[in-house]
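Colleague: Residue numbers (the working numbering), protein chains in the order written: chain A, 686 to 879; chain B, 553 to 760. Ideal Cβ placement from N, Cα and C applies to all residues, glycine included.
#1: Quick one: what's got a C-beta closer than 6 Å to residue 753 of chain A's C-beta in the same chain, skipping five residues either side?
#2: Anything in the stretch 589 to 617 of chain B with a Cβ closer than 8 Å to a Cβ of chain A? List those residues in chain order, please.
#3: How many angstroms separate the CA atom of residue 856 of chain A from the CA atom of residue 814 of chain A?
#4: By the three-class DSSP mapping on this structure, what secondary structure does residue 698 of chain A have?
#5: Cα separation between residue 728 of chain A and residue 769 of chain A?
#6: So what does DSSP say about residue 686 of chain A, is it helix, strand or coil?
#7: Quick one: list the residues of chain B neighbouring residue 690 of chain A, beta-carbon separation under 9 Å, in chain order.
#8: Tell me whether the beta-carbon of residue 849 of chain A lies closer than 7 Å to the beta-carbon of residue 821 of chain A.
#9: Buried or exposed for residue 732 of chain A, going by 16 or more other Cβ atoms inside 10 Å?
#10: So what's residue 815 of chain A in DSSP terms, helix, strand or just coil?
#11: What does residue 729 of chain A reach in chain D if we use C-beta pairs closer than 7 Å?
#12: Taking Cβ-Cβ distances shorter than 8 Å, what residues in chain B pair up with residue 725 of chain A?
#13: So, for residue 819 of chain A: in the same chain, excluding its five sequence neighbours on each side, which residues have a beta-carbon less than 8 Å away from its beta-carbon?
#14: Which residues in chain B have a C-beta closer than 9 Å to the C-beta of residue 733 of chain A? List them in chain order.
#15: Skipping 5 residues on each side, what residues in its chain have a beta carbon closer than 6 Å to that of residue 679 of chain B?
#16: Touch check for the stretch 638 to 657 of chain B and the stretch 754 to 768 of chain A: three-plus C-beta pairs under 8 Å?
#17: Who are the neighbours of residue 716 of chain A on chain B, taking C-beta pairs under 7 Å?
#18: For residue 715 of chain A, tell me which candidate among B:595, B:600, B:589, B:596 has the shortest Cα-Cα distance.
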């Protein structure tokens, strides 16, 4: 059954239809919200409000315009944006992030850090990106959406999304440079010849 | 070309469920391949959505659906609204104002002031009215019978002699007219509607 039909039934009180719809889209929406906000609790709230908003206002979803998952991503993004605005003082300006490397220089980080620690560093690097760049990276790299889909979700044109994605990658490369093999090779070589 | 193939393989490895060749090719054309960055980013796994979220969302869904049930007809009739276009609403208001102004400026007809309504009720007073009772007057009339003329003649003389000063000429006149006379003055006598004749015998002296 299509998402549209399930949504129609769910909005009329069909609990089974709602559960199918929820199971179908729960994981990607939660994952996206988590990677945007960096908190399980906040991601839970966003996912909850996202689905409840869909049921309360089913007419706001237009199946001709986009797929339901795209709509849910956009709703989650808006809710996350609301959170960012409310906690605007806690966010780091874009310029500072680009100039300031997040990960300290270390000679052999991959040998010292466990996989969990690497994961933590990566998450820290992604979370340190400005929200617009972060959502572009998350949607493209993790959720594997196309640039056109991302553009639809964030309400910008494809060129803008591409630009954000490029800047985000640059920032990530800079932040995670100690963990790149090429960087390590260079560092090791430098140490040998010293 | 070799580099692209490597990147394609990496993408397949990162998500075994997404092996759609067309999509991957499209994504490859959109993004600059950066294998190392991709590998590093893949090391960050997002946690699974907690099961508490399922329960919480289901509860919210049920509550929302209960609240969304249609209210009764009478409540809908009382609380329903009709959307009116703004121009029509504006014209209606202007028309109402014009009509009310015209009615207010029109000379009002002369109206007589009505007397103030009596609000106080008259106090009820009980008045005892005299009840007119029929009074029966009993008079004793002595009729002299003609057949007893012999002894009556004798008695008449005494009676006339005795009541000469009482009845006088009127008694004599009455006797001439009616054939009998009374000792009392009956000039203004009104006979009763009902005559009760009571025969009094001579031997009963206590009879009244």
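Modeller: This is what the structure gives:
#1: 688
#2: 589, 590, 592, 593, 595, 596, 597, 598, 599, 600, 601, 602, 604, 605, 606, 608, 609, 610, 612, 613, 614, 616, 617
#3: 7 Å
#4: coil
#5: 13 Å
#6: coil
#7: Residues of chain B passing the Cβ test: none, with the nearest at roughly 17 Å.
#8: yes
#9: buried
#10: coil
#11: Included in the structure are the protein chains A and B, with no chain D among them.
#12: 599, 602
#13: 720, 721, 811, 812, 853
#14: 605, 608, 609, 612
#15: none
#16: no
#17: 598
#18: B:600
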